[in-house]
Every structure is written in C-alpha cells, then in structure tokens.
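Okay, so here's the structure we're looking at.
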Amino acid sequence: MTVSLISLILLCPLAAFAVFGLLGLANRRFPRQDYLSTAAMLIALACSFLLLREVVPEPETHTVNWVSLGSVTFSMGFYLDSVTAIMLIVVTLVSSLVHIFSMGYMHGDPRYPRFFAYLSLFSFSMLFLVVSDNLLGIYIGWELVGLCSYLLIGFWFEKDSAANACKKAFLTTRVGDVGMFIGMMMLFTKFKTLSLYGEGGIFALAASQLTTGDMVWLSIAGVLIFCGAIGKSAQMPLHTWLPDAMEGPTPVSALIHAATMVAAGVYLTARMFPILTETSSLVIAYVGGITALVAATIAIVRFDIKRVLAYSTISQLGYMMLAIGAGSYVAGLFHLTTHAFFKALLFLGSGSVIHAFHAMHAHGHDDEHEHDDSDAHGHEHNEDSDSGHVLGSEIPPDQDMRNMGGLRHKMPITFITMLIATLSISGVPFIFSGFWSKDAILAGVLGRAMEWNSVHHYILFIMALSAAGITAFYMFRLIFMTFFGEPRNQEMHDMAHESPLSMTVPLLILAVLSLPVVNTLWFNAAYVKPPPQPHLHAPAHAYIAPDTKGGTGLAFSLFGVSEAVAAEENAGHDTHGTHADDGHHGHGPAHTIAMVLSICVAGLGIFLSWLFYHRRTLSAESVTTTFRPIYDLFWHKYYFDEFYDGVLVALTVWKARLFAQFDGTVVDGIVNGVGVVTRDILAAFTGAFDNRVVDGIVNRVAQVTWAVGGRIRRIQTGAIQTYLFVVLAGIVLLILIFRAL
Amino acid sequence: MEFTLKTFIFYGFALMTVASALLVVTVRNIVHAAFSLMVTLFGVAGLYVFLQADFLAATQVIVYVGGILVLILFGVMMTSGRLEMRIHIERGQLLLGGAVALALFMLLLTVIANTPAWKNRIDDGTALPPTTEKIGELILNGPFLLPFEVVSVLLLVALIGAALISRKEVRD
Amino acid sequence: MSDFRAMFSGFPDFNISEGFFPNINLQEKLNWAEEFIQNILIPRLPEGVAAHFPVELGTMLVMFACAGIFVAVVPLLPLVLVLAERKVAARFQNRTGPMRVGPWGTLQTLADGIKLIFKEDFIPPQGDKLLFLLAPYVIFACSFAVFAAIPFSQNILVSDFNIGIFYIMAISSVIVMGVIMAGWSSNSKWSLLGSLRSAAQIVSYEIPLGLSILTVVMLVESLSMTEIVASQSNGVFSWLIFRTPFTFIAFFIFFISAIAEVNRTPFDLPEAESEIVAGFHTEYSGMRFALFFIAEYANMFAVSAIAVTLFLGGWEGALPGFDILGGMPGFVIKTLGLVFLMMWLRWTLPRLRVDQLMNLCWKYFIPIAFFNILGTGIWGLIFPEDTLVSIIISCAIIYSGLIAAYAIAGRVMAQKPAPQPSSI
Amino acid sequence: MTLQHYLVISAILFTLGIFAVLTRRNAISILMGIELILNSCNLNFAAFSRFVTPPEDISGQIIAIFGIVLAAAEAAVFLAIILAIYREFGSIRPNEVDTLKG
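Chains as they are written, first to last, in the numbering used here: chain A, 154 to 894; chain B, 6 to 177; chain C, 42 to 465; chain D, 507 to 608.
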C-alpha cells in the first residue's frame with residue numbers, strides 16, 4: 154500500500170513532465186500542460202494525505218538493489234517515517250497551490266506549458282529526495298533539484314539578469330555540493346554503503362562500530378555533508394545566490410523558498426541528525442545563528458519587496474539550522490513546516506501585489522494580464538545581480554516598496570492573508586503557527602545553552618532572539634510600507650486591483666494553513682520523534698510542539714505552552730530514558746524564559762516598526778544618517794558580493810594571468826627554442842640526406858619499376874578470355890607435371 | 006552390351022545432347038546457337054530421366070528452357086541487331102582455345118577411364134521410388150534446409166541486383 | 042464407350058493408365074507391347090517372317106501407332122471448338138454465324154481447313170528459313186504433349202506421371218520457345234514484337250499459375266494427376282475449389298492466368314490485330330498457320346481441362362455414388378463449360394494495356410498467390426483431415442467472402458470516376 | 507548404361523562449354539558456354555547420385571537442383587550486366603570491353 158502510494162506520488166509529477174517531453178517538445182506546445190501538471194500534483198497531494206495515516210507508528214523501508222559494482226551494491230529505496238510523510242504533505246501542498254497560483258500569474262507567457270513542466274519536474278525531484286532511503290538517492294534528487302532551480306530561475310532567460318542569476322545559483326550551490334560529495338565518500342569508504350537505514354545502514358553501523366577516536370573523522374564528514382546544506386539552504390557564506398534567485402517568476406520563488414530547494418538542505422541536515430557529533434552540531438548551530446542574524450539585518454534596509462522576503466527566508470533557514478544544531482530536531486522541522494506555509498503565502502502575496510502593479514505598469518489601461526516578451530524585460534528587475542555596486546536605482550517599480558502604500562483597500566484579500574503570514578513570521582503569540590515553532594527553537598537553543606553550561610554559548614540564544622526581533626521589525630516595515638499609509642505613487646496606485654481567483658484562492662488556503670490549529674493536526678509530539686544521537690553527549694530534546702495528545706485533537710489554549718512542556722518532559726523520559734540523567738531540568742525554565750523574551754522582542758520590533766513607518770514619530774532617514782556605517786554595511790549586504798568579487802574572482806583572474814604568463818614565456822620559450830634548434834641545425838642535415846640519399850633510392854626504384862612495368866603491362870590485355878585461357882592452360886600443365894612426377 | 010530399345014533411346018538422347026552442344030559452340034548464328042542449346046537442355050533432361058531423376062528432369066525443362074533460355078533470347082534480341090547475329094571468331098583464338106579444350110578433354114577422359122571406384126557401375130534396371138517426396142523431405146525437413154534458405158536468399162539478391170543493374174540510370 | 046479397354050479387348054494385360062514415368066525402367070513398362078507382339082502378332086505371322094521379327098522395333102512401332110491414334114483424335118477438338126467460337130461470337134453479336142457448309146454450318150471448319158491446306162506456303166525471303174519451318178511444329182508438339190498427362194477418365198489417360206502437373210508446366214513453358222522462334226524467324230517487326238510480348242506475358246503469368254497449382258499440391262500432397270482427381274471423389278464439396286477458401290481464390294487466379302497463358306482476350310496483346318496485325322504468326326500462311334490455329338484451340342482446351350482436373354473434380358461426379366457430371370462425359374462437359382467461359386470473356390471484355398497486364402500479374406496475382414500458399418498451409422495445420430466441419434467452414438467463408446466482395450465492388454464501382462489513361 | 511557413359515557425355519559437354527567460353531567473341535555465346543558447363547556438372551551430380559552413392563541417397567540430385575537455381579541467378583545477373591555493358595559500350599564483344607587493361 155505505502156509503496157504504491159509513494160510510487161504514485163513520485164510518478165504523477167514525473168508523468169506530467171514526461172507528457173511535456175513527449176507531446177510538448179514534439180508539438181512545440183502542449184497547451185493543456187497546466188491542467189495536467191496541477192492535476193498530477195493534486196493526486197500526489199491526496200496520496201500524501203493517505204500516506205500520513207499509513208506511517209504511524211513504525212518507519213518503513215522498501216529497498217531494491219540497483220547496481221552491483223564488484224563487492225558493493227547500491228540500493229534504491231523508499232524510507233517512510235513521520236518526517237517523510239509531513240515533508241511529502243508540505244511539498245505537495247505548497248506545490249499544488251503554487252501550480253494553481255501560476256495558472257493565474259503566468260497566464261499568457263510564451264513558454265507557459267514549459268513552465269508547468271519544469272514545476273512538475275521540480276516537485277518530482279524534491280519528492281524523490283524526500284523519500285529516498287539512501288544518500289545516493291538523496292544526492293540524485295539533490296542535483297535534480299539544483300537543475301530545476303537553474304531552469305526555473307532562468308526561466309525568463311531573455312533577461313541578462315535572470316540568466317546570470319540562474320548561473321550564480323547553480324554554481325554557488327555546486328560549491329556546497331562538492332563538500333557534500335566528499336562527505337558522502339568519506340562515509341562510503343568507511344561503511345561501504347550509502348544506505349542510511351536498516352541493519353547495514355550508515356546509522357546503525359555508526360552507532361555500533363565507531364569509537365571515540367572516530368569522532369574527529371565523523372565530525373568532519375558531518376560538516377562536509379552540511380556544506381551541501383549550506384549551499385542549498387543558502388547559509389551564511391554561500392547565501393548570495395538566493396536573493397538573486399528572485400529573478401525567477403514569483404511562484405518559483407515561493408516554491409524554492411517554501412517547499413523545495415531550500416527545504417532540501419534543512420531536510421538533509423535533519424536526516425543526518427543521528428550521525429551529528431558535538432563538534433558538527435556546534436558548527437551547524439553557529440552557522441545557522443549567524444545566518445539568522447545577518448540576513449535579518451540585511452533585510453531591514455531592502456526596498457525591493459521580494460528581496461526583503463528573500464533575506465527573511467535566509468534568516469528563517471538559519472533558525473532551522475540553529476535548531477537542528479542545538480539538537481532541537483522537532484522544533485527545526487516544525488519551523489520548516491510552518492515556515493513553508495507562511496513563506497509561500499508571503500511570496501504568493503507579494504506576487505499578487507507585483508502582479509497588480511505589473512499589469513498596470515505594462516499595459517496601463519489594459520485588463521488583460523499578458524506577459525509577452527516585451528514586458529518580460531520590464532518584469533521583476535534585479536537591483537544588483539552581480540556585485541551590488543549599483544544601489545536601489547534598478548529596483549523595478551512594481552517591486553519597489555517605495556512606490557506602494559495604502560494598498561489594503563485595493564487588495565483586501567491579499568492584505569489580510571499577508572498580514573496573517575506576517576503576524577505568523579513575527580512570532581505574534583498563540584494563534585499564529587510561527588510563534589509556536591519559533592518559540593520552540595528559542596527554547597531549544599536556550600535549553601541547549603544551559604546544558605552546555607558555557608557562557609559563550611548563550612550567544613546563540615542572543616543571536617536568535619535579536620533575529621526574532623529584527624524579523625518582526627522588517628516584516629511589519631514591509632506591511633506598513635505596502636498596505637498602509639498614503640499611496641506614494643498615485644498613478645500606479647490607481648491602476649492596482651485585486652488579483653484573479655486562481656491567485657487569491659491559494660492565498661486563502663495558505664492563510665488557513667498558517668494558523669497553528671492546522672499544523673497541530675499532524676505535527677504533534679506523538680507523531681514525530683527525534684532519532685537518537687549516539688555521538689552527542691549532551692542530548693537535547695526539544696519537544697516544544699503544540700500538544701494534541703489525549704485525543705483532544707484541537708484542544709489548544711493559552712495554556713498550551715505548559716502542556717507542551719509537560720508533554721516534552723514526558724516524551725523525553727519515555728523515549729530517551731537512558732539520557733534522562735543528563736537532565737532536562739533546564740527545559741522548564743528555559744521554555745518560559747524563551748517565550749516571555751520572544752514575545753517581548755517581537756512586540757518591541759512591531760512597535761518600533763509602527764513608530765518608524767506608520768506613525769512616523771521616528772524618522773528612518775535620520776537614523777540612517779546617524780548610523781551611516783552600519784547602514785552601509787547592511788545596505789551592502791555585509792560586502793559579501795564585494796568580497797567574492799574582490800577576493801575570489803580577482804584571485805582567480807590573477808592566477809589565470811600568472812599561468813598565462815608562464816605559458817607565454819616558459820612553455821612557449823621552450824617550444825620555440827626547440828623549434829629553432831630543429832629547424833636550423835637538424836633540418837639542414839636531414840634535408841641534405843633526404844635529397845641525396847633517400848630521393849635517390851626512391852627515384853631509382855621508381856625508374857626501374859616504370860621500365861619493368863611498361864613491358865609487363867602488355868600481358869594484361871583486359872580480355873577475360875585471355876585470362877581464362879592462361880588459367881586453364883596452367884591447370885592442364887600443372888596436372889600433367891604432377892602426373893609425370 | 007545388349008542392344009535393347011532402352012539403350013537405343015539412351016544413345017539417341019546422348020547423341021542429341023552431344024551433337025546439339027557441338028552446334029551451340031560452332032554455329033555462327035547466335036539465335037541458332039540458342040535453339041541448339043534448347044535441344045541440348047532437352048537431351049540432358051532426357052538423361053536425367055534415364056538416371057531416374059524425374060523431378061530433376063522436369064525442373065531442368067522448366068527452369069532452363071522456360072526461364073534461362075528465354076532470358077538469353079531476350080538478351081540476344083535486345084543487344085544485337087540482325088547484322089550482329091553472326092558471331093565473330095578469330096582463327097588464332099580458335100586454335101589456341103581448341104587446343105586447351107582438347108587437352109582438358111583428354112585429361113578428363115583419362116581420369117574417367119582410370120578411376121577404379123567408377124568402373125563397373127552398371128545400371129541394373131531396378132526401379133527406384135519417385136523422388137519428389139524425398140527431395141521435399143531432404144530440403145525442407147533435413148540437412149539441406151540451410152542451403153535451401155541460403156540459395157533462396159541468393160536468388161532474391163540476384164533478382165534485385167539484376168533489376169538494379171539493368172534498369173536505366175535515373176539522373177536527377 | 043467410356044473405356045478404351047473395350048476397344049482393345051483381346052489384348053494382353055493392357056492397361057495404358059499405368060504410367061511409365063514413375064518407374065523409368067522402359068523395359069518393364071513396355072512389356073505390354075512386347076507381349077502383344079510375341080503372343081498375338083507373331084503367331085499370326087508367316088513362319089519365315091516371325092523368326093526374324095525385330096521385337097524391339099515392333100514395340101516402338103506399336104507405341105508410335107498408339108501415339109498416332111492420339112494425335113489423330115485430339116485435333117478433332119479444335120475443329121469443334123473453332124466452330125463453337127464462331128457460333129458463340131455470332132450469338133453474342135446477334136448473328137447466326139456460319140450457316141452454309143453442312144447442316145447449320147457444322148462443316149465450316151472442315152472446309153476452312155481444306156482451304157488452308159491448299160493455300161500457298163509462303164516463307165519470308167529475308168527470314169530464317171530453318172526456324173520459320175520448325176516453329177509451328179514446336180508449338181504444335183508441346184500443345185499436344187500436354188494431353189499426355191490429362192486424365193480424361195479413370196482409364197483414359199496416356200500416362201500417369203507421378204510428377205504429372207509438374208510435367209504439364211514444364212511442357213507448356215516450352216511453347217514460349219516456339220513463339221519466339223516464329224516471331225524472330227519471320228523477319229517482321231510485328232512478329233518480333235508479338236513474340237516478345239507473348240514471351241514476357243507467358244513467363245510472367247507462369248508464376249501465379251504455378252503458385253496456384255502449389256496450393257492444390259499442398260492439399261493433395263501429390264503431383265500426380267490421378268491422385269489429385271482421386272482426392273476429389275466425394276462429391277461436389279470435396280472438389281478442391283471448395284476445400285478451402287484459399288483454393289477458391291487460387292482457382293480464379295489459375296483460370297485468369299491460364300487465359301493469359303494462351304493469349305486470349307483480354308490478354309491477347311501478343312496478337313492484338315489493331316496494333317501488330319496478328320502477332321508472331323503474321324507471316325504464316327496455309328497449313329503452318331492452321332497448325333498455330335489448332336495449337337491455340339488445343340491449348341485452350343488443355344488449360345480448361347487442367348483447371349477442371351485440379352479444381353473441379355476432374356472426371357469425378359458431383360455426387361458421391363452417382364455418375365452426375367462424372368466420367369469422361371462429365372469431364373468434357375465441365376471442360377467445355379470453362380472453354381465457353383473463355384469465349385464469353387473474349388467477346389465481352391476489352392483488351393488490357395501492357396502496363397495493366399504486368400501490374401495485374403506482379404502486383405496483385407503473385408502476392409495473392411503467396412498469401413494463398415500461406416493460408417493453405419495454416420488451413421492444413423488447423424484441419425489436417427478434410428472433415429465435414431472444415432468443408433462447412435470453408436464454404437461459409439467463401440460465401441461470406443463473395444457477398445462482401447460483391448458489396449465492396451458495387452460501392453467502388455459506384456464511386457469510381459471514369460478511368461483515366463495512365464501516364465506510363 | 508554405365509556410369510562412364512554419363513561421365514563421358516558430361517566431359518564432352520564440359521569441354522565444349524570451355525571451348526565456347528574461350529573462343530566466342532560474344533558475351534551471350536559465352537553465357538551459353540557457361541550453361542553447358544553447368545549442365546555437365548549437374549549431370550555429373552545426378553549420375554554420381556544414381557551410381558556411386560546408395561540408391562536411396564539422392565543428395566546429388568538436390569545439389570543438381572541447387573545448381574539449376576544458381577544457374578538461373580547467374581544468368582539473370584549476367585544478362586543484366588550485359589545489358590548495362592551494351593548501354594555503356596554499344597557492344598557486347600568481351601574483347602572490346604577492356605577499359606581496365608594495363
């Protein structure tokens with residue numbers, strides 16, 4: 154049952170893509186690709202819901218051997234546990250909604266069918282990655298996801314910026330993938346397998362075979378695999394591709410940021426949870442924490458609505474990494490789930506806003522939303538695709554928040570849904586899912602810091618907390634600038650309008666999904682259990698999930714927090730009794746502290762934002778001039794692009810010049826010298842020899858042959874009968890001779 | 006040897022074969038040569054009858070007389086005007102060729118006369134069963150199946166090849 | 042009168058129906074002639090003559106005598122047929138035909154024959170005299186040699202060759218040589234053209250002809266004419282034409298190809314009088330022309346007789362146990378029926394063009410004939426024995442096929458525009 | 507009749523065929539010579555099948571049948587080539603078709 158369901162989930166999008174491949178390419182255009190792809194995703198979604206009931210309580214593995222190379226057998230298979238099931242739902246749900254949204258958003262695009270085919274392939278790759286039970290399958294899905302992101306980011310490849318962005322995304326993630334591949338190979342050389350689960354899987358072997366002496370090696374492997382996640386999930390050093398990825402169509406951004414591409418990194422890190430060591434966990438936690446804070450600060454000063462959201466995504470991904478690094482496995486995945494929905498909602502909402510403006514921008518008086526070639530160029534421009542030298546001047550007007558304002562009356566549905574998402578991401582307490590997941594992470598990090606019992610690890614918590622506050626600030630800045638206040642650009646404002654039904658319906662669905670009630674349906678402590686971490690001496694168990702146990706189902710109240718903490722305590726004792734002595738005593742207070750602090754910080758952020766951008770009692774401009782250096786730092790995105798440009802690129806160019814010079818002087822010099830010697834000295838001698846001796850011999854031979862041939866050729870008359878006559882006479886003679894002998 | 010009706014007829018066929026074959030190689034008119042060849046082929050068919058190879062005899066008549074000879078006559082009609090029907094022979098060629106052929110004939114006669122295994126093989130007159138069924142068995146259900154198939158493929162290839170060679174060149 | 046035996050009563054074990062070809066031993070097979078000479082002839086001869094009578098030569102003489110009877114009797118057929126043709130033609134054209142010579146013109150052919158014998162025997166001066174003289178005899182001999190293998194009745198056949206039908210094909214393929222001989226030796230363009238046309242046509246149509254015969258041979262598993270007839274002894278539905286659907290098709294292919302073989306309308310291009318005067322026998326006159334004429338009608342009768350033997354039960358009757366359409370009269374009636382069909386076609390259908398002729402043969406008949414062979418083989422696998430069931434199925438298929446063909450043909454005819462001359 | 511009767515007839519046919527091939531200056535005449543040679547071979551096969559091998563064994567006849575088939579194929583190709591040569595050279599005299607001579 155499960156196998157056939159999973160197969161169906163995988164095959165539906167693949168089939169939709171294959172139909173495009175067979176019909177679409179053959180006929181140049183298969184016009185009903187949109188319905189086909191959407192239907193495929195909806196079927197996959199239905200199957201995912203069916204599957205959700207199937208996996209409780211035990212994980213399942215279905216494996217077949219794929220290829221045998223010598224003594225090593227590579228297998229392919231499905232691994233299905235609660236996390237897989239939830240991921241399947243998240244991916245298929247978000248993907249379905251993106252499909253539906255795209256039917257409105259992309260309508261009229263010249264490559265409309267191709268877009269849906271790519272979406273299908275993208276979904277398939279992500280689903281394949283999610284259900285694979287071995288690193289090889291994950292890697293295949295991983296690279297397919299990368300390929301699809303390349304295709305989709307560069308979907309409007311007529312624009313140079315889009316073409317550059319897709320190349321950048323592809324190459325940047327590839328840097329991480331190299332690390333991941335090395336990590337995989339390290340595991341492979343050690344364990345001779347790439348399967349993760351089961352008796353002969355990496356996890357079981359790592360738990361049973363490794364000693365403390367192997368910890369250094371295992372840490373390196375873990376960090377290397379995490380490198381892949383750094384690339385894919387846009388963690389700190391390799392995050393620069395993600396803002397540029399905004400060059401793709403907005404639904405693609407939603408898909409990449411919510412469900413597929415960036416989630417893959419988090420998912421991989423969560424999957425690798427059992428082999429994370431103390432060191433690698435710390436690395437992950439710090440990378441995540443720094444990313445969360447830095448990206449949040451960059452987001453404050455953006456004016457492009459999609460850039461804000463992009464840096465917000467990076468920041469939130471940092472959160473997730475931080476959670477997993479701090480051992481809060483469930484919290485991290487919970488945040489991944491909730492974030493998927495509200496971030497998809499935010500992106501689709503921004504897409505709706507852009508769409509509204511864009512239609513006006515392109516046609517002025519035309520109600521048709523067509524994206525033909527001419528307006529594809531004016532569409533969603535990038536402010537600085539390469540290095541960020543050029544400042545905000547290139548933000549396309551329909552994405553520039555400075556052109557917006559007061560849209561809440563024009564686009565009520567978009568406004569309300571985006572407001573819900575913003576409240577959720579800002580951590581407004583209790584009725585928004587973001588609060589619960591973010592709170593769980595903060596609590597987990599704080600708890601972990603207490604367990605480590607080292608002062609400087611509190612810095613993680615402080616980073617997370619400040620990031621939470623900043624998130625609330627810049628998200629409300631976005632809302633205030635976009636939907637409140639007076640229209641800044643009256644002409645554009647007049648033309649704006651609510652989006653069509655196919656775009657608002659996904660928004661509404663996602664808005665519902667951003668409420669915690671829905672998420673608790675599947676995300677509860679009884680359902681998701683973190684795997685053991687045998688190599689971690691201080692286990693942290695952040696079961697900070699809203700609790701629905703006891704059959705109450707939707708029972709959810711202001712006291713949910715304490716219940717959740719209690720549930721976490723119980724579950725921790727139940728499932729990890731062996732580590733109980735390591736103490737969960739930090740969790741109770743940790744959770745309370747974290748919650749109180751996070752509510753305070755979020756409130757502060759929202760309040761400041763209100764002061765700055767709505768009440769305008771404080772002036773953003775004066776603050777900017779006061780803290781000019783910091784503002785420049787934020788504005789220039791911590792000079793990452795400049796650093797890459799100035800150091801890495803320059804280094805490469807310098808190296809290339811060096812080699813070119815070496816080639817020009819040394820190599821060419823040797824070659825030329827050899828050539829001169831050969832030509833002037835050897836050639837003269839051999840030339841003379843050739844002319845006199847060799848030619849002499851050849852000419853004599855030719856003359857003799859010519860002379861002889863001239864006589865002999867008369868024998869060959871060309872008349873068959875003569876030949877036959879000679880042959881027969883020869884036969885008779887031969888027989889007579891042998892007879893005589 | 007007892008001179009019976011059968012031997013009389015046999016010698017009749019032998020004489021017919023040899024004499025007409027001689028005509029084939031000596032007659033100057035190529036059409037006459039072709040019709041002489043027809044008589045030779047009939048003679049050989051008759052000899053096959055004496056060898057109790059009835060199917061072979063009929064095949065000989067059908068394929069040679071009905072097929073190959075018609076083909077040859079068509080060739081003659083298509084390539085030779087009436088004036089060219091006479092075959093040109095050079096005297097020197099005639100002498101040389103005759104000498105070689107004669108030497109070859111002598112050689113063959115010596116071999117025929119001196120090979121011990123071939124001596125005293127006399128037709129005892131016993132009637133053999135009809136051969137058609139046996140030939141069918143051997144060809145389609147016996148050791149000659151593969152050669153049969155190969156020969157049929159060869160025939161097909163020859164047909165196609167002949168059609169290809171002889172058609173007028175299509176120039177575009 | 043249906044038995045030669047009655048005519049030769051008093052002879053020793055004289056059974057002409059026992060063939061001489063299967064067992065090639067002439068000595069044994071000519072026993073009857075020797076016995077006739079030694080037991081019947083020599084005792085009645087004078088003493089002195091009998092002592093030196095060359096028995097071998099006598100045997101041959103007896104055989105020649107028999108052949109003479111045969112050759113004398115068979116040409117009577119063309120005499121009848123020529124008259125019949127003229128009468129039939131007249132009826133089709135609403136005339137009465139020859140009426141002067143003899144009662145209702147019955148002796149007209151005889152009179153024509155006598156006239157032809159007394160006509161000048163013209164030989165083209167530039168032609169090849171030898172071949173010109175030989176050609177009619179080649180054709181004549183081959184036409185009559187065919188009759189040696191046709192069983193007119195259980196006992197009236199010259200020789201029961203075990204390769205009977207193969208022999209007939211072999212002999213009839215020699216006719217081409219005579220045609221080419223006649224055409225070439227006449228030194229006339231019309232003759233040469235006619236003979237080449239005829240040769241191409243006969244060689245081509247021999248292929249579907251032989252392939253159709255093969256279906257019969259596959260079912261009977263014998264080449265012998267008597268065995269082919271014997272396998273059809275159970276009444277009209279055991280006739281090979283009804284035995285399988287494929288032999289039914291094969292019969293028509295055979296019959297149409299046979300019409301082409303004997304150069305009759307609508308396949309009479311070799312002697313198309315409007316194009317090439319009279320084809321290969323343009324230059325002939327007198328008795329030699331009469332020989333061609335007789336050979337043509339003998340051929341016509343021969344192919345009809347072969348068709349009857351192969352497909353229509355030969356001399357076997359239409360009902361098992363009753364002599365309806367059986368014996369020699371039945372055989373002749375069936376054969377004459379087919380001959381009449383040929384005449385009917387001749388006076389009904391127009392002449393084909395050369396390309397149509399060759400298209401029909403190579404593009405339709407040969408593939409269909411191959412299909413027939415395949416189908417017959419499969420049929421033989423399904424029904425190894427001829428049972429009531431197999432014959433009922435076969436007849437049902439034939440019947441429904443005919444209905445379908447009729448319907449389709451009607452529709453096609455209704456839709457088809459007026460035929461345009463081909464560009465070839 | 508003995509085996510040698512047939513062998514002698516066959517030898518005569520063979521020699522005459524060789525003679526024709528060697529001396530005739532007409533490609534079709536040469537073809538006729540070749541046919542004579544092939545006939546002599548077939549006759550030999552049939553004779554050996556009758557006299558040398560056991561009487562039940564008629565493999566020789568089958569070889570002879572194959573020989574006839576080969577002769578048919580050969581004649582077809584030969585005449586096709588002759589027609590092509592005639593078109594090219596305007597003649598079928600083999601000694602005039604000597605473009606390949608040295």
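All C-beta atoms in this analysis are idealised placements derived from N, C-alpha and C, irrespective of residue type, glycine included.
Against chain B, with Cβ distances strictly below 7 Å, would residue i count as a contact?
| i | result |
| --- | --- |
| residue 66(C) | Caution applies to residue 66(C), whose pLDDT of 38 falls short of 50 and renders its modelled position unreliable; the value that the coordinates give is listed next. Interface residue, yes. |
| residue 550(D) | no |
| residue 525(D) | yes |
Quick check on the burial criterion: 16 or more other C-beta atoms within 10 angstroms. Buried or exposed for residue i?
| i | result |
| --- | --- |
| residue 157(B) | exposed |
| residue 391(A) | buried |
| residue 837(A) | exposed |
| residue 294(C) | buried |
| residue 56(C) | Confidence in residue 56(C) is poor, its pLDDT being 38 and thus under 50, which makes the residue's placement too unreliable to answer from. |
| residue 15(B) | buried |
| residue 790(A) | buried |
| residue 30(B) | buried |
| residue 221(A) | exposed |
| residue 69(B) | buried |
| residue 631(A) | buried |
Using 7 Å as the limit for Cβ to Cβ distance, is residue i near chain C?
| i | result |
| --- | --- |
| residue 42(B) | no |
| residue 70(B) | yes |
| residue 137(B) | yes |
So with Cβ pairs under 7 Å, would you call residue i a contact of chain A?
| i | result |
| --- | --- |
| residue 519(D) | no |
| residue 528(D) | yes |
At the 7 Å Cβ level, is residue i part of the contact set with chain D, yes or no?
| i | result |
| --- | --- |
| residue 96(B) | no |
Legend entry - Contact list for the segment 858-891 of chain A against chain B, Cβ threshold 7 Å: Answer in chain order: 878, 881, 882, 885, 888.
Inset, instruction - Compile a chain-ordered list of the residues in the segment 53-66 of chain B whose CB is closer than 7 Å to at least one CB of chain C. - result: Residues of the segment 53-66 of chain B whose Cβ lies closer than 7 Å to any Cβ of chain C, in chain order: 54, 55, 57, 59, 60, 63, 66.
Legend entry - Runs of beta strand (DSSP E) lying entirely within the segment 257-290 of chain C, each at least 3 residues, in chain order: The qualifying runs do not exist here; there are none.
Inset, instruction - Decide if the segment 553-569 of chain D is in contact with the segment 44-62 of chain B; the criterion is three or more beta carbon pairs, one per stretch, under 8 Å apart. - result: Judged by Cβ distances under 8 Å, the segment 553-569 of chain D makes contact with the segment 44-62 of chain B, as three or more pairs qualify.
Legend entry - Contained beta strand (DSSP E) runs [length at least 3] in the segment 193-259 of chain A, N- to C-terminal order: Fully contained in the segment 193-259 of chain A are the following beta strand (DSSP E) runs of length 3 or more, in chain order: 213-222, 225-233.
Inset, instruction - Evaluate the contact criterion for the segment 405-413 of chain C versus the segment 284-303 of chain C: three or more CB pairs, one atom per stretch, below 8 Å. - result: Yes, the segment 405-413 of chain C is in contact with the segment 284-303 of chain C.
Legend entry - the segment 462-469 of chain A in contact with the segment 643-653 of chain A per 3-pair CB rule at 8 Å: Here the segment 462-469 of chain A makes no contact with the segment 643-653 of chain A; the two share fewer than three CB pairs at distances below 8 Å.
Inset, instruction - Taking only runs that begin and end inside the segment 369-457 of chain A, name each unbroken alpha helix (DSSP H) of 4 or more residues, in chain order. - result: Counting only runs of 4 or more, we get 394-397, 403-411, 414-424, 431-453.
Legend entry - Given 8 Å, three or more beta-carbon pairs between the segment 468-486 of chain A and the segment 556-575 of chain A: No, the segment 468-486 of chain A is not in contact with the segment 556-575 of chain A.
Inset, instruction - Could you please tell me which residues of the segment 199-220 of chain C, in chain order, have their CB closer than 7 Å to any CB of chain B? - result: For the segment 199-220 of chain C, which is checked against every Cβ of chain B, the residues closer than 7 Å are 203, 204, 207, 208, 210, 211, 214, 215, 217, 218.
Inset, instruction - Please specify which runs of the beta strand (DSSP E), each continuous and at least 3 residues long, are wholly inside the segment 294-350 of chain C, giving them in chain order. - result: Whole beta strand (DSSP E) segments, 3+ residues: zero.
Legend entry - Complete runs of the beta strand (DSSP E) confined to the segment 42-126 of chain B [at least 3 residues]: Correct list: empty.
Legend entry - Runs of beta strand (DSSP E) lying entirely within the segment 355-412 of chain C, each at least 3 residues, in chain order: Runs of the beta strand (DSSP E) lying entirely within the segment 355-412 of chain C, each at least 3 residues long, are absent.
Inset, instruction - Examine the Cβ distances between the segment 246-260 of chain A and the segment 433-448 of chain A and report whether three or more of them are shorter than 8 Å. - result: Touching, no, given that fewer than three Cβ pairs across the two stretches are closer than 8 Å.
Inset, instruction - May I ask you to list, following chain order, the residues of the segment 137-163 of chain B that have a beta carbon less than 7 Å from some beta carbon of chain D? - result: Cβ contacts with chain D: 139, 140, 143, 144, 149, 152, 156, 159, 160, 163.
Inset, instruction - Could you please tell me which residues of the segment 105-132 of chain B, in chain order, have their CB closer than 7 Å to any CB of chain A? - result: Correct list: 105, 108, 109, 112.
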